[in-house]
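Residue numbers (the UniProt record's numbering), protein chains in the order written: chain A, 1 to 591; chain B, 1 to 590.
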Amino acid sequence: MRVFKNLGWFFKLEKKSYITGLVMLILVALMELVPPQVIGRVIDRITTDTLTSNSLVLFGVLLLFVAILTYIFRFFWRVMIFGASNRLGRTLRKQLFEKYSSMSPAFFGKRRTGDLMAHATNDINAVQMTAGAGILTIADSVITGGAVLVTMALTVSPKLTLIAMIPFPFMVILTSWYGSILSRLFRVAQAAFSSLNDKTQESIAGIKVTKTFGYEDEDLKDFTNLSDDVVKKNLKVAKIDALFDPTITAIIAISYFLSIFFGARMVVADEISLGQLVTFTTYLGMMVWPLLALGWFFNLIERGKASYDRIDEIMNTKSDIGNTVTTDSVPSGDITFDISEFVFPGEDEVSLRDIHFTLREGETLGIVGRTGSGKSSIIRLLLREFDTSGSNTVSINGTDIKQYDIKKLRRLFGYVPQDNFLFSSTIRNNIAFTNPEINTASVHRAADLSYIHHDIENFPEGYETVVGERGVSLSGGQKQRISIARALISDPEILILDDSLSAVDAETETAILRNIEQNRAGKTNIITAHRMSAVRNADLILVMENGRIVERGTHDSLTGARGWYYDTFKAQSLRRNLTKELDETLEGGGE
Amino acid sequence: MTSDVINLTLKDQLRVLVRLLKYTLPFKGLLALAFSMLIISTVMGVLTPYLVMIFIDNYLTPSVFPEDEIMMLIIAFIIVNVLAVVTTYWQIYLLQRLAFKVIQQLRIDAFRKIGMLGMTYFDKVPSGSVVSRLTNDTQAIVDMFTSVLGTFLMAIFMVISSFVMMFILDVKLAFIALIFMPVIVMILLVYRKYSARYFSHARSLLSDMNAKLAESIEGMKIVQVFNQEKRLQREFEVINEEHYQYNLRTIKLDGLLLRPAIDMIYILSIILILSYFGFLSFETSVTAGVIFAFIQYMERFFEPINQVSQNLNIFQQALVAASRVFTLLDDTRHEPAQLNDEQYKITDGRVEFKDVTFSYDGNVDVLKNISFEVPPGTTTALVGHTGSGKSSIINLMMRFYEYERGDILIDGHSIKELPKEEMKKNIGLVLQDPFIFYGTLTSNIKLYHSTMTFEMVEEAAKFVGADGFINKLPHQFDQKVVEKGADFSSGERQLLAFARTMATNPKILILDEATANIDSSTEEKIQESLMKMRSGRTTLAIAHRLSTIQDADEILVLNKGEIVERGTHDELVQLKGIYYKMYRLQNSKQ
Numbered sequence: 001m002r003v004f005k006n007l008g009w010f011f012k013l014e015k016k017s018y019i020t021g022l023v024m025l026i027l028v029a030l031m032e033l034v035p036p037q038v039i040g041r042v043i044d045r046i047t048t049d050t051l052t053s054n055s056l057v058l059f060g061v062l063l064l065f066v067a068i069l070t071y072i073f074r075f076f077w078r079v080m081i082f083g084a085s086n087r088l089g090r091t092l093r094k095q096l097f098e099k100y101s102s103m104s105p106a107f108f109g110k111r112r113t114g115d116l117m118a119h120a121t122n123d124i125n126a127v128q129m130t131a132g133a134g135i136l137t138i139a140d141s142v143i144t145g146g147a148v149l150v151t152m153a154l155t156v157s158p159k160l161t162l163i164a165m166i167p168f169p170f171m172v173i174l175t176s177w178y179g180s181i182l183s184r185l186f187r188v189a190q191a192a193f194s195s196l197n198d199k200t201q202e203s204i205a206g207i208k209v210t211k212t213f214g215y216e217d218e219d220l221k222d223f224t225n226l227s228d229d230v231v232k233k234n235l236k237v238a239k240i241d242a243l244f245d246p247t248i249t250a251i252i253a254i255s256y257f258l259s260i261f262f263g264a265r266m267v268v269a270d271e272i273s274l275g276q277l278v279t280f281t282t283y284l285g286m287m288v289w290p291l292l293a294l295g296w297f298f299n300l301i302e303r304g305k306a307s308y309d310r311i312d313e314i315m316n317t318k319s320d321i322g323n324t325v326t327t328d329s330v331p332s333g334d335i336t337f338d339i340s341e342f343v344f345p346g347e348d349e350v351s352l353r354d355i356h357f358t359l360r361e362g363e364t365l366g367i368v369g370r371t372g373s374g375k376s377s378i379i380r381l382l383l384r385e386f387d388t389s390g391s392n393t394v395s396i397n398g399t400d401i402k403q404y405d406i407k408k409l410r411r412l413f414g415y416v417p418q419d420n421f422l423f424s425s426t427i428r429n430n431i432a433f434t435n436p437e438i439n440t441a442s443v444h445r446a447a448d449l450s451y452i453h454h455d456i457e458n459f460p461e462g463y464e465t466v467v468g469e470r471g472v473s474l475s476g477g478q479k480q481r482i483s484i485a486r487a488l489i490s491d492p493e494i495l496i497l498d499d500s501l502s503a504v505d506a507e508t509e510t511a512i513l514r515n516i517e518q519n520r521a522g523k524t525n526i527i528t529a530h531r532m533s534a535v536r537n538a539d540l541i542l543v544m545e546n547g548r549i550v551e552r553g554t555h556d557s558l559t560g561a562r563g564w565y566y567d568t569f570k571a572q573s574l575r576r577n578l579t580k581e582l583d584e585t586l587e588g589g590g591e
Numbered sequence: 001m002t003s004d005v006i007n008l009t010l011k012d013q014l015r016v017l018v019r020l021l022k023y024t025l026p027f028k029g030l031l032a033l034a035f036s037m038l039i040i041s042t043v044m045g046v047l048t049p050y051l052v053m054i055f056i057d058n059y060l061t062p063s064v065f066p067e068d069e070i071m072m073l074i075i076a077f078i079i080v081n082v083l084a085v086v087t088t089y090w091q092i093y094l095l096q097r098l099a100f101k102v103i104q105q106l107r108i109d110a111f112r113k114i115g116m117l118g119m120t121y122f123d124k125v126p127s128g129s130v131v132s133r134l135t136n137d138t139q140a141i142v143d144m145f146t147s148v149l150g151t152f153l154m155a156i157f158m159v160i161s162s163f164v165m166m167f168i169l170d171v172k173l174a175f176i177a178l179i180f181m182p183v184i185v186m187i188l189l190v191y192r193k194y195s196a197r198y199f200s201h202a203r204s205l206l207s208d209m210n211a212k213l214a215e216s217i218e219g220m221k222i223v224q225v226f227n228q229e230k231r232l233q234r235e236f237e238v239i240n241e242e243h244y245q246y247n248l249r250t251i252k253l254d255g256l257l258l259r260p261a262i263d264m265i266y267i268l269s270i271i272l273i274l275s276y277f278g279f280l281s282f283e284t285s286v287t288a289g290v291i292f293a294f295i296q297y298m299e300r301f302f303e304p305i306n307q308v309s310q311n312l313n314i315f316q317q318a319l320v321a322a323s324r325v326f327t328l329l330d331d332t333r334h335e336p337a338q339l340n341d342e343q344y345k346i347t348d349g350r351v352e353f354k355d356v357t358f359s360y361d362g363n364v365d366v367l368k369n370i371s372f373e374v375p376p377g378t379t380t381a382l383v384g385h386t387g388s389g390k391s392s393i394i395n396l397m398m399r400f401y402e403y404e405r406g407d408i409l410i411d412g413h414s415i416k417e418l419p420k421e422e423m424k425k426n427i428g429l430v431l432q433d434p435f436i437f438y439g440t441l442t443s444n445i446k447l448y449h450s451t452m453t454f455e456m457v458e459e460a461a462k463f464v465g466a467d468g469f470i471n472k473l474p475h476q477f478d479q480k481v482v483e484k485g486a487d488f489s490s491g492e493r494q495l496l497a498f499a500r501t502m503a504t505n506p507k508i509l510i511l512d513e514a515t516a517n518i519d520s521s522t523e524e525k526i527q528e529s530l531m532k533m534r535s536g537r538t539t540l541a542i543a544h545r546l547s548t549i550q551d552a553d554e555i556l557v558l559n560k561g562e563i564v565e566r567g568t569h570d571e572l573v574q575l576k577g578i579y580y581k582m583y584r585l586q587n588s589k590q
């Protein structure tokens, strides 16, 4: 029942729908009482030869009236109650989506996409059921059940009602007992199904290995075993599940027997009429559903409660990106890192140590170093994917970035991530991600700057080509360049290229960097790279190793220092020339 | 997330249903048993009101109660109901059992089909949708069998038996009552038409919404850094709202045509019965029992219709699911067929490519007139840029794709003719991206090999030098491996894949060297074990690091699908061509 309390806010919101719906339900319950009464009366009049055609017509008209009204009331309670519960689903989905979009990467790192999806699908469904079918079942049990019971007692006989009701508690006890066994067995069956699901997923992902070793048949056997297990466990469910109907049949039969046996005596004793007995047995049939509904109701709210709690847990999870805004100002100016030690939440090892530098507004920062040296960690802190604490600060214009409004802060950045995530949409939409309404010329210009315009024009559908799982597959370099165009289109104050030129060849890299340099005068750039050539013209170059800055300076000063930077630069230049030579030879061959 | 929305025509639905029902044929006994239970339970069900009618008309109305006749009636009542209860149970259970047997068969067929499909299929179909064919779609069919077909069958039996009883009681009224039949059928047809439309639309919107949600979760970082949360929320809201609107339409449609409508007709039928008997009573005598029984049968006639109509959507959904499963079963993109000439054996392991030209799509040739020979026990290395055709050579060699032009021979026999068994046993492929299965390290090395002992597993691991890191693990060979082996470094995964291949001791080794960055200490291990693996085996190796294949007996340099240079390392260096340039490039320190 607590789930209803939890959903109180929603019921309040939909007060009108629920009250109207419930009133309709009450009216339906009252209408349903009429036909058995009419049947009983007509039978009585026939058996006592007192039926007139006038009264027959009157009864007919009454029933017709009841039929039409029931139809109308039934239609409206559905629209009211189920409509409201669907609105609840819609609202929760919306809230959850908004919640997800406010959470930090740490949140997504801890939870699997599948689980997050399950909250938005299964859990919302269960809660929606509680607010729809749940309300319906309890209302029906109480209203219809109560009305029928009272009517039986008042219009026929309280004694007979009591007798006829004797078997019914057993039905409630038995069915809820089956229900509890069933939910346990069902969980087991569900677990078996989910292992089958995992197995299938893995088999398809590893299909090449299986084919290589020729183990298709063995894999099928393994699958068959798991599938057998699913069947076995589901049949256990079926064994119990199949008990419901016969149990109800049996209980009704007993109740019928009792009411006719004792009812007949009462008819003989002239306590009730024959017609009343028929009315009574008809009412008896109407008691089944409300009692069953009661069992379902408890089942429904139990599931609804569990689901609501799961959703609630998500809704109450605070983003670990704190909100400590103290200034309205739009951040701009020099960027200063002042970090003596930074550890990512949940990790043991220190990721960054003694990172102290200032990047002046309008200058370009280059960060180089091996994989895992801490290049991206610097970017992640600047983007506020994670927050620093204590005396460790990242500041812009002397103010800790945590004190700026995060929206305003993020508006500064044009970010090109390492993994080049593109959305399943057209190339145009991907490039115009920050502003779908932007004109085509700007889209083309951004694509031009990132050297992808030509590639796009060569696709059959040009900028309207759909990318992603359902569209064409792009090469890593193409994805990178589209990501760069996406970042460039808004002409950001700070452009961040996080190892985003790794998949493009040397010439394209040079061209893109030249474009950036020429078109972004006075704006800040941050470039992390494996290739020294990408940061060659930077105003400040940091060489990272194991989370520390091991060398710093400009290209000239670092070259002069003859350290790691110099060695690597030299080796890479040589490689670059050799690659160029090789590519030329390869291009010459072939056709 | 693929929104395969299929709108089946009535004819398609029928075809799918028939095909689905054919799956029950192997379980004739079960089917017959379930049917007989169904028949008995239905007959018993209609007998109860009949007994009550006899009691009312023959004994209660005239108020005579001869003890033994009443006793007989009570015994009959008890027998009828006990039988009804028992047969109802078995009929429900057996139908469910049948459903699961059918699904089991369907799943196995589908899974077997997966094994038969070629890489051309897996290239095109996203793995997620293949998985849902096998699991979710088949599950939807279970629901149909258990909740729909059972209900349908019962409904048909109940409707027929109720009508039979009505005809026994009063032929004229039964005939008149028949007019409700076409009315109900018409309502259901109209309902089916619109509900199918709304329902499939609502479902596709739901699937769009879920796809959008999943994608947003995956790309949340980008969304946030570009401040696009609000816009995505708005876009989500649009679909969310439309989905709600369609659901509301479905609710209204259900309200207009389902239970409320059927129940209204039920009340109309009561009006009919009462007026009929009422007016009849003015002329002849009418008994209360007959009216009672008639109303009972009328109710029994309407109740199953209510149940059926409520399950129509599940039914249609299941048919769509079934049609998707059947589409998978009917897919013709099979893996290349083997002629399986049992007399051909792989003895020495001589591999020969004879003028092979190949294209994936039938337009662009990715391999052009490739000819070379790998004598037994020697190593041939394939080098070249991405897209030069190296991987295609291996794909053909492994029979992942069928070729038409030229031929590939092992020990003089075309690989199209060699028995599949022989091929798999003697050719070991090490994939570039080693796939690690859920299980233990042992199970990952052994896979499904039936006769491999633990000693052999251990030996293979030792041979490739994987024992070093394995022995450091807390559970060593029994160490559990999580999804895709995420706990291990890419170098360690590579070594495991080596061990897996070497455990079967193949005569021919196909190596697709990993391009992934591997930490230098593991890298050394890998080079060492590659060397060991190759010795004495016919090896065809794709090399990204030229240093690993310097000792190869022949190196083939590929460019744009053609072999442009060939020879030993020294010869190729002398030639000062592409290979030489690649070599110099790689020798220059990173």
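We treat Cβ as the ideally placed atom computed from N, Cα and C, and that holds for glycine.
Taking 8 Å as the CB-CB cut-off, is Leu578 (chain A) touching chain B?
yes
Can you tell me which of B:Ser162, B:Ser285, B:Asn240 and B:Asp330 puts its alpha carbon nearest to the alpha carbon of Leu117 (chain B)?
B:Asp330
When you compare the CB positions of Arg478 (chain B) and Thr453 (chain B), do they come within less than 8 Å of one another, or not?
Residue identity check: residue 478 (chain B) is Asp in the sequence provided, not Arg. No.
Run through DSSP, which three-state label would Asn299 (chain A) get?
helix
With DSSP as the reference, identify every bridge partner of Lys354 (chain B), one or two as the case may be.
B:Asp407
Please confirm if the stretch 98 to 118 of chain B is in contact with the stretch 39 to 51 of chain B, defined as three or more CB-CB distances below 8 Å between the two stretches.
no
Between which two residues does the beta strand (DSSP E) harbouring Lys402 (chain A) extend?
Neither: Lys402 (chain A) is in no beta strand (DSSP E) and is coded neither H nor E.
Can you check whether the CB of Ala322 (chain B) is closer than 8 Å to the CB of Val16 (chain B)?
yes
Would a check of beta-carbon distances place Gln201 (chain A) closer than 8 Å to chain B?
yes
Whose Cβ in chain A lies nearer than 8 Å to the Cβ of His385 (chain B)?
Leu586
Go ahead and label Asn559 (chain B) buried or exposed: buried means 16 or more other beta carbons lie within 10 angstroms of its beta carbon, across all protein chains shown.
buried
So Asn18 (chain B) contacts chain A; which residues on that side make the cut at Cβ distance below 8 Å?
It should be noted that the sequence gives Val, not Asn, for residue 18 (chain B). Chain A residues near Val18 (chain B): none, gap ~24 Å exceeds 8 Å.
Alpha helix (DSSP H) segment containing Thr137 (chain A), residue limits
Ile135 to Asp140
Could you name the residues of chain A that Asp137 (chain B) contacts, counting a contact when the two beta carbons are closer than 8 Å?
Here the premise fails: no neighbours, minimum Cβ distance about 11 Å.
As an exercise, report each continuous beta strand (DSSP E) stretch of at least 3 residues that is fully enclosed by the stretch 10 to 98 of chain A, in chain order.
none
Identity of the residue in B:Arg545, B:Phe282, B:Lys368 and B:Leu575 nearest Ile524 (chain B) by Cα:
Note that residue 524 (chain B) corresponds to Glu in the displayed sequence, not to Ile. Here the closest residue by C-alpha is B:Arg545.
Could you pull the start and end residues of the alpha helix (DSSP H) that Ala126 (chain A) belongs to?
Ile124 to Met129
From Tyr18 (chain A) to Gln96 (chain B), what distance separates their C-alpha atoms?
38 Å
Spatial neighbours of Glu341 (chain A) in its chain, beta-carbon cut-off 6 Å, leaving aside the 5 residues before and after:
Val350 and Arg353
For the beta strand (DSSP E) that contains residue 642 (chain A), what are its first and last residues?
Residue 642 (chain A) cannot be examined here, being either before or after the span of chain A that is shown, 1 to 591.
How is Phe569 (chain A) classed by DSSP in three states: helix, strand or coil?
helix
With DSSP as the reference, identify every bridge partner of Val557 (chain B), one or two as the case may be.
B:Val383 and B:Glu565
Leaving out five residues before and five after Arg192 (chain B) in sequence, what residues of the same chain have Cβ atoms less than 8 Å from its Cβ?
Leu312 and Gln316
Cutoff 7 Å; reference Gly522 (chain A); Cβ partners in own chain excluding five residues on either side
Gly362
Could you tell me whether any Cβ in chain A is nearer than 8 Å to the Cβ of Ser207 (chain B)?
no
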